[in-house]
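K.L.:
Sharing a structure here in structure tokens format.
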Amino acid sequence: MNLTKVVITGGPSTGKTSVIESLEQKGYPCVHELIRTMTAAEKNAGEENDFTTNPIVSVKDPKKFNQMLLDGRIEQYHTPFDADSPVAFFDRGIPDVHSYMNCFGQSYDKAFEQPCYDYRYEHVLLMPPWEEIYAVDNERFETYEESVNIFESLKKTYTHFGYQVELIPKASIDERTDFILDFLNLT
Numbered sequence: 001m002n003l004t005k006v007v008i009t010g011g012p013s014t015g016k017t018s019v020i021e022s023l024e025q026k027g028y029p030c031v032h033e034l035i036r037t038m039t040a041a042e043k044n045a046g047e048e049n050d051f052t053t054n055p056i057v058s059v060k061d062p063k064k065f066n067q068m069l070l071d072g073r074i075e076q077y078h079t080p081f082d083a084d085s086p087v088a089f090f091d092r093g094i095p096d097v098h099s100y101m102n103c104f105g106q107s108y109d110k111a112f113e114q115p116c117y118d119y120r121y122e123h124v125l126l127m128p129p130w131e132e133i134y135a136v137d138n139e140r141f142e143t144y145e146e147s148v149n150i151f152e153s154l155k156k157t158y159t160h161f162g163y164q165v166e167l168i169p170k171a172s173i174d175e176r177t178d179f180i181l182d183f184l185n186l187t
């Protein structure tokens, strides 16, 4: 059986993690967001970084941080899954790294871009900005306006890499989970 790899992405505080957890509770294999752990580690490393916006621009060496993030997402892409599972969900995909770099005006070369062509997902599901549920926390620093800009950058970046992006409607966690499962013919 071929495994279908599905990215669930969106700007900060759009409900991705809650939906991923819902899918996981239903027994679907899920790969969790990597940047939260990396951001916490960077903050705990004793660096005097001022985290007032996205970590990729707040860390001491953004290029190194982005390379580590890209390498980590490639490693996540190769996660071994149960052979009986028809689908695996990823909380963000490899092109998210480029999208954020584009959104925050960081440059990169073609070699850094190549993994987006080499490691492909079958579906990309994008969550729109949703001001009513927006919140910041210890690893999420972007303003709501930045979240809107990130959403637009994600849509543009995934389209650039040849993906058809499907929008997930604003709804309850259960309704969003059902939408995803219906979309993938898993119900």
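Mapped onto UniProt numbering, the consecutive letters of the sequence shown carry residue numbers 1 to 187. By construction, the Cβ of each residue, glycine as well, lies at the ideal position given by its N, Cα and C atoms.
1. Taking the DSSP output, what are the residues bridged to F90?
2. Which value, in whole angstroms, describes the spacing of the CA atoms of V87 and T143?
3. Check whether the stretch 88 to 107 and the stretch 126 to 133 touch, using three or more Cβ-Cβ pairs below 8 Å as the test.
4. Bridge partners for V124 per DSSP, in chain order?
5. So, are the CB atoms of P129 and S153 less than 8 Å apart?
6. Should A83 be listed as close to the ligand SAH, given that the test is whether its C-beta is under 7 Å from any heavy atom?
7. Could you check what DSSP says for P62 in three-state terms: helix, strand or coil?
8. For T52, does the three-state DSSP call read helix, strand or coil?
9. Compute the distance between the beta-carbons of H98 and E166, then report whether it is under 8 Å.
10. State the Cα-Cα distance for the pair H78 and P115, rounded to the nearest angstrom.
11. Report the rounded CA-to-CA distance for F174 versus G15, giving the unit in angstroms.
12. Once you ignore the five residues that flank K156 on each side, which residues in its own chain have a CB closer than 8 Å to its CB?
P.N.:
Result, derived from the coordinates:
1. V7 and V31
2. 33 Å
3. no
4. V7 and V165
5. no
6. Among the components of this structure there are no ligands whatsoever, and the ligand SAH is therefore not found.
7. Helix at P62.
8. Note that T52 scores a pLDDT of 48, beneath 50, so its modelled location is shaky and nothing firm can be said.
9. no
10. 12 Å
11. The sequence shown places Asp at residue 174, not Phe. When rounded, the distance between both Cα atoms is 11 Å.
12. S99 and N102
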